[in-house]
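Those sequence lines, one after another, are chains A and B. Counting in the UniProt record's numbering, the first sequence runs without a single skipped number right up to 427 at its last residue. Counting in the UniProt record's numbering, the second sequence runs without a single skipped number right up to 427 at its last residue. No residue lacks a Cβ here, since even glycine has one placed at the ideal position from N, Cα and C. Step one of this worksheet: look at the structure below.
There are 2 protein chains.
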Amino acid sequence: MAVQTVASTSTPTVDLGPAAALSCRECGHRVPLGPVFACEECFGPLEIAYDFSAYDTEELRRRIEAGPANIWRYAPLLPVPADVADKPNINPGWTKLVKADNLARELGVTGGLFVKDDSGNPTHSFKDRVVAQALEAARAFGFTTLSCSSTGNLAGAVGAAAARAGFRSCVFIPHDLEQGKVVMAAVYGGELVGIEGNYDDVNRFCSELIGDPAGEGWGFVNVNLRPYYAEGSKTLAYEICEQLGWRLPDQIVIPIASGSQLTKIDKGLQELIKLGLVEDRPYKIFGAQAEGCSPVSTAFKAGHDVVRPQKPNTIAKSLAIGNPADGPYVLDIARRTGGAVEDVTDEQVVDAIKLLARTEGIFAETAGGVTVGVTRKLIENGVLDPSLTTVVLNTGDGLKTLDAVAGTGLTATIRPTLDSFREAGLA
Amino acid sequence: MAVQTVASTSTPTVDLGPAAALSCRECGHRVPLGPVFACEECFGPLEIAYDFSAYDTEELRRRIEAGPANIWRYAPLLPVPADVADKPNINPGWTKLVKADNLARELGVTGGLFVKDDSGNPTHSFKDRVVAQALEAARAFGFTTLSCSSTGNLAGAVGAAAARAGFRSCVFIPHDLEQGKVVMAAVYGGELVGIEGNYDDVNRFCSELIGDPAGEGWGFVNVNLRPYYAEGSKTLAYEICEQLGWRLPDQIVIPIASGSQLTKIDKGLQELIKLGLVEDRPYKIFGAQAEGCSPVSTAFKAGHDVVRPQKPNTIAKSLAIGNPADGPYVLDIARRTGGAVEDVTDEQVVDAIKLLARTEGIFAETAGGVTVGVTRKLIENGVLDPSLTTVVLNTGDGLKTLDAVAGTGLTATIRPTLDSFREAGLA
């Protein structure tokens, strides 16, 4: 992948609120805010460095609580301008934190079990949170096209956000994607380009396009806008704590695809502690994968610091990243906080989707089946403490992965008569 | 359909908050609160009569504004106990009122155009609002099974609400429903019974079951619990006005299936006026149907007071009620407020779904295509005034009616090379 340096593209006057610079996660080298994602010194990932020094804790808390019922209530902590809520965007976030007492009973959790249900976002996945940040960065850098490669949730999130914000969008997908997924991405009216090849070919092509003059003015949300995009996951941490009454959960179970979401939730929790918005006390972070794509879980169990790539083979397609960029950071965080990384089989994923639907009326996508299934497994194995407050993430919507539960069907078939009804034992 | 009288089933001590009695919409005859839906005197429809006499306007407003971000903020105006928010339910409502400036520009609306987007509800349709009321009535009357007949949104809403509340659920559907719709209803783990017959057979069977001892303890949300169920639609009126800053919209476009939703939104607006929560000024209510099921629109245009049944044939299946029970009341309201009832073709429905997605990033189900399409037609015909504040309802989610836009697809197919990209004119 071509690494862009900052010189040609940075805009010193860019207003992204408290975002002060980009900083390399590996070597700490700082560069001005710009559409770059890799360190020019060491090729490490760049992330946002903030200046929060002017904030008074209680004033900040009041400002957040008086804010809109979406992620922009946290604008003071995000790489966005202060007036972001007035700009046209799809306003994701502030999704329900559901107290899951029925599920808790089934799993034996006594300390309080909560499901953070991100299926309530506008396009019904957590991707709306991250795309919303990328969109603001694209505005700030003067981009006119919003783009990504995707086989699912991200395509819809980019299409919808671009439509509302008046951006051109261009989403790249493998040309032979299932018709249903094509429709979900195409309905927003942007360019939807099928690439003759597999998902790896699509990604390789996108990387070429970013390095080429043909890609000028294009913001690839999870490539050249990745440092901004990734920050959107912090809002999950903020919301969970605020919804718990400005309190850290004891344990949190997070799905792992690239691992970015988990690392940014940890970053968000650390920020809340440093800002004094929550009491500083221990929390444990658990990562969840599907067995058919479990490179981080495998490394965790083997005690490795390095993640060995896998070829994905699981129904949890939104998590099927065989070579997760943030895998090593996930291992660090799970170990530092006393958490763990675990995986479940596809069969356990399906069982967990049904369990969550049956107990709480929440229809999760496969990634939600992964986190609920891993939670169950961690409790059974004595790794997750059922006497502590536990939050489980559902990051998407079952309507998008209907195939996973296609075996679910009628419990009875009867003739339209009371006799037939009684015979079936339904009375 | 067997008409139950109140004597055997009423519970004089039932606590449903401000709900004081049931009152016949036709003859005004009052009976105590109970699981009945038709007047014993004249067979007219029963609806809830409230006692709001103790409310102070400003105190009520403060109480609402301090309430939860769901329909229970309006508990003082609904047939539910005061502590409803503490009971296990799926907490629908407080969905986004989206200021649709891009759509307004395309339609030539200058007075402010808003989309009330009920795809944000837990099971992604407005049915969650009405089922939530029926559930509280079922609790109050000691029912243990929540039931309905449905071919779509209602099945999911009942399944999810029952699961979370710890009720048994039993949903009746035609046995040959498409597999995708079966899965959406079955995933919540309740009984899902296929009836060998068409939807009319299913409904006839349900009516028999209600009159039979086998149906004891069963709450059919839209039959014996219908007076409570229907009130849920009032919350759309409350939310729209509160989200507009406690102001009535000038014009509102509402889809018509049975017509119940439209009549209850009007009831909700009238209540807000009487309670002093909004200024009393004129508003116009417009009804929207698909041409393939347009009995109310046909009657409106012909100047009739009576609605002649039709055999539905439209892609807008959630509105396909050929003999709408509340049709005459809808005609009354449209005429009294200076509104209208209009219909659009299936092709116009699809165009409107795409228009809304392309301009605002909102993917509506076919019912949303009907309201947006009708809005466009009413403006073109000079019936709807584009200089006035207008609210259009989207009552469901495009993910549930993907087939309607199945023609949407790739805008280009290319090889994974920059040359191929340039040749396709995408740069």
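Residue i in three-state terms, based on DSSP
i	result
Tyr55(B)	coil
Val187(A)	coil
Gln179(B)	helix
Phe172(A)	strand
Cys42(A)	coil
Thr375(B)	helix
Leu393(B)	strand
Thr413(A)	strand
Ala155(B)	helix
residue 481(B)	The first residue shown for chain B is 1 and the last is 427, placing residue 481(B) beyond what the model contains.
Gln289(A)	strand
Asp117(B)	strand
Lys354(A)	helix
Leu97(A)	strand
Val14(B)	coil
Ala404(A)	helix
Ala237(A)	helix
Any C-beta of chain E under 8 Å from that of residue i
i	result
Lys116(A)	No chain E appears in this structure, whose protein chains are A and B.
Through-space distance from residue j to residue i, alpha-carbon basis
i	j	result
Tyr229(A)	Trp246(A)	25 Å
Ser318(A)	Leu107(A)	25 Å
Cys206(B)	Pro295(B)	24 Å
Gly215(B)	Leu209(B)	5 Å
Val3(A)	Pro328(A)	Low confidence applies here, because Val3(A) scores a pLDDT of 40, under 50, leaving its location unreliable and the question unanswered by this model.
Phe421(B)	Asp128(A)	27 Å
Gly396(B)	Gly211(B)	32 Å
Ala19(B)	Val36(B)	14 Å
Leu103(A)	Ser387(A)	14 Å
Tyr283(A)	Ile265(B)	47 Å
Thr366(A)	Cys293(A)	13 Å
Ala69(B)	Asn323(B)	36 Å
Lys190(B)	Ile195(A)	It is Gly, not Lys, that sits at residue 190(B) in the sequence shown. Roughly 42 Å separates the two Cα atoms.
Asp117(B)	Leu393(B)	6 Å
Arg105(A)	Pro249(A)	19 Å
Glu59(A)	Tyr74(A)	13 Å
Phe300(B)	Phe286(B)	11 Å
Ser169(A)	Leu402(A)	27 Å
Pro92(A)	Ala138(A)	17 Å
Arg204(B)	Pro227(B)	20 Å
Arg61(B)	Leu277(B)	7 Å
Glu291(A)	Phe114(A)	24 Å
Arg376(B)	Ile353(A)	41 Å
Asn89(B)	Tyr238(B)	20 Å
residue 437(B)	Ser258(A)	It is not possible to answer for residue 437(B), since the shown part of chain B is limited to 1 through 427.
Thr95(B)	Leu97(A)	16 Å
Test item: CB-CB of residue i and residue j under 8 Å
i	j	result
Val183(B)	Val405(A)	yes
Val330(B)	Ile256(B)	yes
Ala134(A)	Val221(A)	yes
Leu410(B)	Val193(A)	yes
Ala140(B)	Asp51(B)	no
Gln348(A)	Gly373(A)	yes
Thr408(A)	Ala186(B)	yes
Thr389(A)	Gly112(A)	yes
Lys181(A)	Leu399(B)	no
Arg30(B)	Gly44(B)	no
Phe167(A)	Gly217(A)	no
Ile254(A)	Gln261(A)	yes
Per DSSP, the bridge partner or partners of residue i
i	result
Tyr50(A)	Ala19(A)
Arg61(B)	Arg61(B) pairs with nothing; no bridge assigned.
Lys284(B)	Gln251(B)
Thr145(B)	Arg168(B) and Trp218(B)
Cys24(B)	Leu46(B)
Ser260(A)	Ser260(A) is not bridged to any residue.
Ala340(B)	Phe286(B)
Ser125(A)	Gly396(A)
Val31(B)	Leu22(B)
Three or more beta-carbon pairs under 8 Å between the segment 152-167 of chain B and the segment 121-139 of chain B, yes or no? Contact annotation: the segment 152-167 of chain B touches the segment 121-139 of chain B, with at least three C-beta pairs closer than 8 Å.
Between the segment 265-280 of chain B and the segment 339-356 of chain B, do three or more beta carbon pairs fall short of 8 Å?
Short answer: they don't touch.
For the segment 159-177 of chain A and the segment 354-374 of chain B, state whether three or more C-beta atom pairs, one from each stretch, are separated by less than 8 Å.
-> Yes: at least three Cβ pairs fall under 8 Å.
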